[in-house]
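Report on the following structure.
2 protein chains.
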Amino acid sequence: MKTQNPAAVVYRPIGVIRSGHIEASRTPIQPEYAAGCPGRAEIFPEFADGLRDLEGFSHVFLLYHFHRAGETRLTVKPFLQDIERGVFATRAPSRPNPIGLSLVTLTGREGNILFLDGLDILDGTPLLDIKPYVSRFDRTVSTRNGWQEEVNQETAEKLGRRMSPLPDE
Amino acid sequence: MKTQNPAAVVYRPIGVIRSGHIEASRTPIQPEYAAGCPGRAEIFPEFADGLRDLEGFSHVFLLYHFHRAGETRLTVKPFLQDIERGVFATRAPSRPNPIGLSLVTLTGREGNILFLDGLDILDGTPLLDIKPYVSRFDRTVSTRNGWQEEVNQETAEKLGRRMSPLPDE
Numbered sequence: 002m003k004t005q006n007p008a009a010v011v012y013r014p015i016g017v018i019r020s021g022h023i024e025a026s027r028t029p030i031q032p033e034y035a036a037g038c039p040g041r042a043e044i045f046p047e048f049a050d051g052l053r054d055l056e057g058f059s060h061v062f063l064l065y066h067f068h069r070a071g072e073t074r075l076t077v078k079p080f081l082q083d084i085e086r087g088v089f090a091t092r093a094p095s096r097p098n099p100i101g102l103s104l105v106t107l108t109g110r111e112g113n114i115l116f117l118d119g120l121d122i123l124d125g126t127p128l129l130d131i132k133p134y135v136s137r138f139d140r141t142v143s144t145r146n147g148w149q150e151e152v153n154q155e156t157a158e159k160l161g162r163r164m165s166p167l168p169d170e
Numbered sequence: 002m003k004t005q006n007p008a009a010v011v012y013r014p015i016g017v018i019r020s021g022h023i024e025a026s027r028t029p030i031q032p033e034y035a036a037g038c039p040g041r042a043e044i045f046p047e048f049a050d051g052l053r054d055l056e057g058f059s060h061v062f063l064l065y066h067f068h069r070a071g072e073t074r075l076t077v078k079p080f081l082q083d084i085e086r087g088v089f090a091t092r093a094p095s096r097p098n099p100i101g102l103s104l105v106t107l108t109g110r111e112g113n114i115l116f117l118d119g120l121d122i123l124d125g126t127p128l129l130d131i132k133p134y135v136s137r138f139d140r141t142v143s144t145r146n147g148w149q150e151e152v153n154q155e156t157a158e159k160l161g162r163r164m165s166p167l168p169d170e
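Structure follows, in structure tokens:
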């Protein structure tokens, strides 16, 4: 069967991320490097019923639109390494479909507001979806971590925070 | 600041998933229950340069459009339990933005074709993005798993496969 490029898909944000990150260059690159960076997801009231029971989970995946991603580049130098890589082998924002994925801590819910920690997301980012993190599905043991294995832990932690202060600073 | 509903976002598929799953009702609900379900991601040639270095990773996140999701429901009975839950507290397809997220095994790459295992995705599904799974970012220890903790492991494994045969059957 010949593959035809399927039609475009259209999504409408379900809410907005509120965080202390207002400059991309000072925003941690992953939740792993965003300890002590709290924030909120403000879900639009028409979707509030969909949040029922979410507060039972300690961690959630946020899927969001990188609204300040800039133009698509198929190869990029990742934040952690000065070597050009295929964009799909990185988490860089300049992807053909600029969808962000962050696994963050859910600290509470009040109605349509989610209280979050470990936020690596710019303030004002449009939120597309929320999924619960379920240990029995999601805590995978990977055997190979590609070019990431060339970056030592100290370098990753230093570069990963991107000048965001440590919690005790 | 008053929150305004931000504009819709438009994405174009970067490829198509090929799997042995042609009926939704017989498709495993998660990669965890899809051992022995191989398949491919056929990336459109114009995006092939973005795949460079991806083969170094043993696991990848696939983000895709649930093209047969049906209408949005804000509360659903999840596959694993007969109790109505908020859709964002489940991984059900009938979400406001029907984006699927699966963490699958990458067994190889030939040009623009990715060879995959552990596929819980219907054949013909439009692929939106690929991200490498990086142990140092993604292997989170969650402390609370919500309603999922009410489902025992045996039930989850039985229901999770959804009649997909075991590898040795």
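Chains H and U, in that order, give the protein sequences.
Numbers given in the working numbering equal positions in the first sequence, counted from 1, plus 1.
Numbers given in the working numbering equal positions in the second sequence, counted from 1, plus 1.
Yeah, the Cβ is synthetic: ideal placement off N, Cα and C, and Gly gets one too.
All values reported here derive from a predicted model rather than from experimental measurement.
Taking just the CA atoms, how far does Ser20 of chain H sit from Cys38 of chain H? Mapped onto the first sequence, residue 38 of chain H falls at position 37. Mapped onto the first sequence, residue 20 of chain H falls at position 19. The C-alpha of Cys38 of chain H lies about 8 angstroms from the C-alpha of Ser20 of chain H.
CB-CB length for Ile18 of chain U against Ile44 of chain U, believed under 8 angstroms: Start at 1 with the first residue of the second sequence, and residue 18 of chain U comes out as number 17. Start at 1 with the first residue of the second sequence, and residue 44 of chain U comes out as number 43. That pair is no contact at about 11 angstroms.
Just the Cα atoms here: how many angstroms apart are Ile84 of chain U and Lys78 of chain U? The sequence position of residue 84 of chain U within the second sequence is 83, counting from 1. The sequence position of residue 78 of chain U within the second sequence is 77, counting from 1. When rounded, the distance between both Cα atoms is 5 angstroms.
If you measure between the beta carbons of His66 of chain H and Pro127 of chain H, is that distance less than 8 angstroms? The residue given as residue 66 of chain H occupies position 65 in the first sequence. The residue given as residue 127 of chain H occupies position 126 in the first sequence. Yes, they are a contact pair.
In chain order, what residues of the same chain have a beta carbon less than 6 angstroms from the beta carbon of Pro97 of chain U, not counting five sequence neighbours either side? Taking the first residue of the second sequence as position 1, residue 97 of chain U is located at position 96. Exclusion of the five residues before and after Pro97 of chain U leaves Thr73 as the residues of its chain whose Cβ lies within less than 6 angstroms of its Cβ.
Given a threshold of 16 other Cβ atoms within 10 Å of its Cβ, counted over all protein chains shown, does Val105 of chain U qualify as buried or as exposed? In the second sequence, residue 105 of chain U corresponds to position 104, counting from 1. By the neighbour-count rule (16 or more Cβ atoms within 10 Å), Val105 of chain U is buried.
For Asp118 of chain H, I'd like the list of residues in its chain whose CB is within less than 6 angstroms of its CB, leaving aside the five on either flank, ordered along the chain. Counting from 1 along the first sequence, the entry for residue 118 of chain H is found at position 117. Cβ neighbours of Asp118 of chain H beyond the five flanking positions: Pro39, Thr106 and Thr108.
Which of the three DSSP states, helix, strand or coil, is assigned to Thr141 of chain U? The count along the second sequence starts at 1 and reaches residue 141 of chain U at position 140. Three-state result, Thr141 of chain U: coil.
Proximity winner among U:Ala9, U:Val11, U:Glu56 and U:Gly147, relative to Arg53 of chain H (alpha-carbon distances): Residue numbering aside, residue 53 of chain H sits at position 52 when the first sequence is read from its first letter. Each of U:Ala9, U:Val11, U:Glu56 and U:Gly147 was checked against the Cα of Arg53 of chain H, and the nearest Cα belongs to U:Gly147.
Given a limit of 7 angstroms on CB to CB distance, which residues of the region 105-139 of chain U reach chain H? Cβ contacts with chain H come from Pro127, Leu129, Asp130, Ile131, Lys132, Pro133, Tyr134, Val135, Ser136, Arg137, Phe138 and Asp139.
Please confirm whether Ile100 of chain H and Leu129 of chain U have their CB atoms less than 8 angstroms apart. Taking the first residue of the first sequence as 1, we reach residue 100 of chain H at position 99. Taking the first residue of the second sequence as 1, we reach residue 129 of chain U at position 128. Result yes, Cβ atoms of Ile100 of chain H and Leu129 of chain U sit closer than 8 angstroms.
For Ile114 of chain H, which option in H:Asp50, H:Gly161, H:Arg145 and H:Val135 has the closest C-alpha, if you only look at C-alpha atoms? The residue labelled residue 114 of chain H in the question sits at position 113 within the first sequence. Selected option, being the one with the closest Cα: H:Asp50.
Kindly say whether Gln82 of chain U, judged by its beta-carbon, lies nearer than 8 angstroms to any beta-carbon of chain H. Walking along the second sequence from the start, residue 82 of chain U turns up at place 81. Answer no: the Cβ-Cβ gap between Gln82 of chain U and chain H never drops below 8 angstroms.
Is Gly40 of chain H helix, strand or coil when you go by DSSP? For this step, residue 40 of chain H is matched to residue 39 along the first sequence. Assigned with DSSP and collapsed to three states, Gly40 of chain H falls in strand.
If you follow the beta strand (DSSP E) that Leu107 of chain U is in, where does it begin and where does it stop? Position 106 of the second sequence, counted from the start, is the residue given in the question as residue 107 of chain U. From DSSP, the beta strand (DSSP E) with Leu107 of chain U extends over Ile100 to Glu111.
Chain H contact residues for Phe66 of chain U, given Cβ-Cβ distances below 7 angstroms: For the purposes of this step, residue 66 of chain U is taken as the residue at position 65 of the second sequence. Here residue 66 of chain U is His; the residue named in the question, Phe, does not match the sequence. In chain order: Val10.
Would you say Ala70 of chain U lies against chain H (beta-carbon separation less than 8 angstroms)? Counting from one through the second sequence, the residue named residue 70 of chain U turns up at place 69. With a threshold of 8 angstroms between beta carbons, Ala70 of chain U makes no contact with chain H.
Helix or strand or just coil, what does DSSP make of Arg19 of chain H? Numbered from 1 along the first sequence, position 18 holds the residue referred to as residue 19 of chain H. It is a strand residue.
How about Ile100 of chain U: is its Cβ closer than 7 angstroms to a heavy atom in the ligand SAM? Ligands are entirely absent from the displayed structure, and the ligand SAM is therefore not among its contents.
Expected contact under 8 angstroms - CB spacing of Arg41 of chain U and Phe138 of chain U to nearest Å: Reading the second sequence from its first residue, position 40 is the one you call residue 41 of chain U. Reading the second sequence from its first residue, position 137 is the one you call residue 138 of chain U. Going by Cβ atoms, the distance from Arg41 of chain U to Phe138 of chain U rounds to 26 angstroms, so no, they are not a contact pair.
Anything in chain U within Cβ reach of Arg41 of chain H, meaning under 8 angstroms, just list it in chain order. Sequence index remark: in the first sequence, residue 41 of chain H carries index 40 (1-based). What Arg41 of chain H touches in chain U: nothing, since even the nearest Cβ is about 11 angstroms away.
Have a look at H:Glu33, H:Ala70 and H:Val10 and flag the residue whose alpha-carbon is nearest the alpha-carbon of Ser155 of chain H. Taking the first sequence and counting its residues from 1, one reaches residue 155 of chain H at position 154. Note on identity: in this sequence residue 155 of chain H is Glu, with Ser being the wrong assignment. For Glu155 of chain H, the closest alpha carbon among the candidates H:Glu33, H:Ala70 and H:Val10 is that of H:Glu33.
Looking only at its chain, what residues have a beta carbon closer than 7 angstroms to the beta carbon of Gly12 of chain U, apart from the 5 residues adjacent to it on each side? Here the question's residue 12 of chain U lines up with position 11 in the second sequence. The amino acid occupying residue 12 of chain U in the given sequence is Tyr; Gly does not appear at that position. Answer for Tyr12 of chain U: Leu129, listed in chain order.
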